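Undergrad:
Following this line, the structure appears as structure tokens:
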């Protein structure tokens, strides 16, 4: 059980990273399924320790005895594998994106010649790009290594990286919205709230942010600084009377 939870936790953390693309997510999922399949036959790290403890009759200094029926290990692992396969299948979009990731390229050159060209053409048509140019650039990239001469293909790759594999970014947005639009700040306008959320979600942390350029830009637009006036009621100017000059002489 602990081995399975450890692998599922690792998969969850990988999928929640902001730089994880749709193809990366598919690769991580298949890797986890392969690891669990190997554990079903060979056992995980914790399971091996427990098995050694059962053999010796002690585990971490505690005497062991059987009190409950055992869980069928192979059935348990297979159930987890089936659930992952069923709930996280490769979509048609993932199938179209995989050829643009070199991890999926076949090592045999004869298989590489026409590999992925139909998928790249479909994805180019889906985004309104020239399928002929995309396929030609993809062929030059995989067969001749012309990675820096793929303008159309580069636009397709950039577009594919904008597709989020999970809802983790949405959850971050909801959390930031709850922290920003709270009861003590419920008078924020939608425009101000949108600007604050954009900075909160996409801006750098405070220790890496230099506010001086933004402050200078704000002042140059005609705004006043916080020290440009004296707080409190303004002093009333004294009336200048001619008699005061005689009395103060």
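Residue numbers (our numbering): 154 to 402.
Even glycine gets a Cβ: it sits at the ideal position worked out from N, Cα and C.
The structure presented is a predicted model; accordingly, all values stated were derived computationally and were not measured.
What would DSSP say about residue 216, mapped onto helix, strand or coil?
TA: On the chain shown, residue 216 is found 63 positions in, with the first residue counted as 1. Three-state result, residue 216: strand.
Undergrad: With DSSP run on the structure shown, which of helix, strand or coil describes residue 184?
TA: In the chain shown, counting from the first residue as 1, residue 184 sits at position 31. Helix.
Undergrad: Tell me whether residue 239 is buried or exposed, calling it buried when 16 or more other Cβ atoms sit within 10 Å of its Cβ.
TA: One-based indexing of the chain shown puts residue 239 at position 86. Per the 10 Å Cβ criterion, exposed.
Undergrad: Am I right that residue 250 and residue 175 are in contact with their C-beta atoms under 8 angstroms? What's the rounded C-beta distance?
TA: As a working note, residue 250 is residue 97 in the chain shown. As a working note, residue 175 is residue 22 in the chain shown. Correct: roughly 6 angstroms between the Cβ atoms.
Undergrad: Just the C-alpha distance for residue 309 and residue 169, rounded to the nearest angstrom, thanks.
TA: By one-based count along the chain shown, residue 309 stands at place 156. By one-based count along the chain shown, residue 169 stands at place 16. Rounded to the nearest angstrom, the two C-alpha atoms are 23 angstroms apart.
Undergrad: DSSP has residue 211 in a bridge; who is on the other side?
TA: Reading the chain shown from its first residue, position 58 is the one you call residue 211. Per DSSP, 216.
Undergrad: With DSSP as the reference, label residue 374 as helix, strand or coil.
TA: Translated into the one-based positions of the chain shown, residue 374 becomes position 221. Three-state result, residue 374: coil.
Undergrad: Can you tell me the Cα-Cα spacing of residue 355 and residue 254, whole angstroms?
TA: Counted from its first residue, the chain shown places residue 355 at position 202. Counted from its first residue, the chain shown places residue 254 at position 101. Residue 355 and residue 254: Cα-Cα distance of roughly 26 angstroms.
Undergrad: So what's residue 228 in DSSP terms, helix, strand or just coil?
TA: To locate residue 228, count along the chain shown from 1; it is residue 75. Residue 228: helix per DSSP, three-state reduction.
Undergrad: I'd like the list of long-range same chain contacts for residue 200, defined as Cβ closer than 7 angstroms, with 5 residues on each side in sequence excluded.
TA: As a working note, residue 200 is residue 47 in the chain shown. Cβ neighbours of residue 200 beyond the five flanking positions: 156.
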